[in-house]
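Everything on this sheet refers to the single structure shown next.
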Amino acid sequence: MAMTQKYWDPEIETMSRKDLEALQLKRLKETVARAAGSPYYGKLFKELNITPDSFKSLADLSKIPFTTKEQLRTTYPFGALATPKADVVRLHSSSGTTGTPTVICHTKKDLEAWADRVARSLYGVGVRNTDVFQNSSGYGMFTGGLGFQYGAERLGCLTVPAAAGNTKRQIKFITDFGTTVIHAVPSYALRLAEVFRDMGIDPRKDTSLRIFAIGAEPHTEAQRQRVEEMLGVKAYNSFGMSEMSGPGVAFECPEQHGMHLWEDHYIMEIINPDTLEPVPEGEVGELVLTTLTREAMPLLRYRSRDLTRILPGDCPCGRTHRRIDRMKGRSDDMFIVKGVNIFPMQIENVLLRYAEVGNNYLITINPKVGGDEILIELELKDLFTDDYGQLERLNKRIVSQLRDEILVTPVVKFLQPGSLPQSEGKAVRVKDLRKLS
Ligand code: AMP
Ligand code: ZN
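Numbering of the sequence shown is given in my numbering, commencing with residue 1 and proceeding in unit increments.
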């Protein structure tokens, strides 16, 4: 048989919960056995007297303490490695810009399982081996590059490893090679749409684009809709993180309502980040993940810092792997002004609902005596008006809606399109000047 791997695998993807949980328990025990081979978990398990036999049901997972990013940093680079180094064929690190990064090692089998998960995710939204897949995300240590590359190759797509940046060249590739599927971070998807317009090309009519995988950074439903309308594509949310290999952890299905988290490869928990207790199903909390199939660097109860919830109920698509909601943000993205907790996504949610508003914005928090100030610099769409009164009315409407949403009155400043720095990787949306002073 020419193809050994099935990309739509109903036996796995629509498995009954009972069977899925039995598979998870079996794989959890195998994972614990493997992890015991690493200096970090080996020592921990010995101290706590944990062996594979300690797990009679999935609830026993709570016997294992959480693993945090800080702990992973202390094991940098190979303290959590559970296989001989000779079996490791690649390492990746997280895209954190400060301090020691976290490093994840992969065996050949780890890389294959990762490519399978990405292939499964793409196949699920209709990508086939007849598609031309362009990956407009950074390559190198960032896992969105090689992760999607091997996943799309695994599926048999004609892949275009364009990498990030040089937008005009991206557009040339899209038109010359007949790109049908593209992957990029959401902020870059919108940038692409703007450059198409500047070049006088209508991507809806003049290209074959039909599917956009957007992920790697938080975005709102309004941003997805913009990507879909401007580029004439269906856009699907893709979630992953380098500690869990990379993309292919959770992915939307054609229903576009929550991302199925691949529970044959991961156990998910949602906890209250303060009490560390599980939240009731359906409530927002921090996503905690345990790898179930990784060989080189199994991670148990890894605290992602990402805030989401499990969507209650079954998905009409028939997959039984539970869905997580669009990320609300990261607990470390949250900022506090005048005693109120604010997430950048709450602000984006309001801004992008206005048709006059462009695609780029920057939130700056200025330290001020008597209460810190939130300044939102916002690009408007091309000269949509030069009527000062109209601009002032729009500004007032936005400020008042933001105040209702975040309970603090921000200052909103309108800018010409193209005034703010445009990132090619993950967008920087918040500058907190209090942290610099
Ligand atoms: P890295 O491991 O450096 O690639 O970054 C992983 C982080 O990116 C995750 O922990 C999330 O905070 C963020 N991220 C990845 N995918 C998404 C997504 N679809 N929506 C929101 N945030 C995401
Ligand atoms: Zn579904």
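Even glycine gets a Cβ: it sits at the ideal position worked out from N, Cα and C.
Distance cut-off 6 Å: residue i Cβ against heavy atoms of the ligand AMP
| i | result |
| --- | --- |
| GLU377 | no |
| SER331 | no |
| SER245 | no |
| PHE239 | yes |
| GLU217 | yes |
| GLN306 | In the sequence on display, residue 306 carries Asp and not Gln. Yes; taking the cut-off as 6 Å, the Cβ of ASP306 has a heavy atom of the ligand AMP nearer than that. |
| MET334 | no |
| SER187 | no |
| SER242 | yes |
| MET345 | no |
| MET297 | no |
| MET141 | no |
| MET327 | yes |
Residue(s) in a DSSP beta bridge with residue i
| i | result |
| --- | --- |
| ASP432 | ILE365 |
| GLU379 | LEU415 |
| ARG303 | VAL288 |
| GLY358 | DSSP, once it has assigned bridges, lists no residue as partnering GLY358. |
| LYS234 | ILE211 |
| GLU373 | ASN366 |
| SER93 | VAL103 |
| ALA250 | PHE239 and LEU261 |
| ILE342 | PHE335 |
| GLU269 | VAL288 |
| GLY329 | LEU307 |
| ARG34 | In the DSSP output, where bridge partners are listed per residue, ARG34 has none listed. |
DSSP state of residue i mapped onto helix, strand, coil
| i | result |
| --- | --- |
| PRO65 | coil |
| ASP131 | coil |
| ARG197 | helix |
| MET3 | Note that MET3 scores a pLDDT of 44, beneath 50, so its modelled location is shaky; the value from the coordinates is reported in the next line. It is coil, neither helix nor strand. |
| MET241 | strand |
| SER437 | With a pLDDT of 48 at SER437, under the threshold of 50, the modelled position of this residue cannot be trusted; read the value that follows with caution. Three-state DSSP puts SER437 in coil, outside helix and strand. |
| SER187 | helix |
| SER121 | helix |
| SER400 | helix |
| VAL279 | coil |
| ILE50 | coil |
| LEU23 | helix |
| VAL408 | coil |
| LEU352 | coil |
| GLY138 | coil |
| LEU72 | helix |
| ARG204 | helix |
| LEU425 | First, the amino acid is wrong: residue 425 is Gly here, not Leu. The answer is coil: DSSP assigns GLY425 none of H, G, I, E or B. |
| LEU420 | coil |
| ARG323 | strand |
| LEU391 | helix |
| LEU158 | strand |
Buried or exposed by the 16-neighbour rule on C-beta atoms within 10 Å, applied to residue i
| i | result |
| --- | --- |
| ALA2 | Annotation note: pLDDT 41 at ALA2 (below 50); position unreliable, no value reported. |
| ARG191 | buried |
| GLN225 | exposed |
| GLU501 | In the structure displayed, the chain extends from 1 to 437; residue 501 sits before or after that span and is not available. |
| GLN416 | exposed |
| THR74 | exposed |
| GLY370 | exposed |
| TYR388 | exposed |
| LEU390 | This sequence places Gln at residue 390; Leu is not what is there. Exposed is the call here. |
| ILE336 | exposed |
| LEU429 | Here residue 429 turns out to be Arg, not Leu, going by the sequence shown. By the 10 Å Cβ count, ARG429 comes out buried. |
| LYS426 | buried |
| GLY151 | buried |
| SER437 | Since pLDDT at SER437 reaches only 48, below the 50 mark, its modelled position is unreliable, and the value read off the structure follows with that caveat. That one is exposed. |
| TRP8 | exposed |
| VAL340 | exposed |
Residue i CB to nearest heavy atom of the ligand ZN below 6 Å
| i | result |
| --- | --- |
| CYS317 | yes |
| GLU13 | no |
| GLU255 | yes |
C-alpha gap between residue i and residue j, whole angstroms
| i | j | result |
| --- | --- | --- |
| MET297 | GLY248 | 17 Å |
| PHE196 | PHE55 | 55 Å |
| PRO101 | GLY246 | 15 Å |
| VAL412 | PRO421 | 17 Å |
| LYS172 | ASP206 | 12 Å |
| GLN24 | THR31 | 10 Å |
| ALA467 | LEU72 | The requested residue 467 does not occur in the structure, where the chain is confined to residues 1 to 437. |
| LYS85 | SER38 | 11 Å |
| PRO203 | VAL279 | 43 Å |
| GLN256 | ILE324 | 11 Å |
| ASN166 | TYR266 | 36 Å |
| PHE212 | ILE50 | 44 Å |
| LYS109 | GLU295 | 8 Å |
| GLN401 | LEU61 | 44 Å |
Neighbour flag for residue i against chain C, beta carbons, 7 Å
| i | result |
| --- | --- |
| ALA113 | Annotation note: the requested chain C is absent from the structure, which comprises a single protein chain. |
Check: residue i C-beta below 6 Å from any heavy atom of the ligand COA
| i | result |
| --- | --- |
| SER94 | What this structure holds is the ligand AMP and the ligand ZN, not the ligand COA. |
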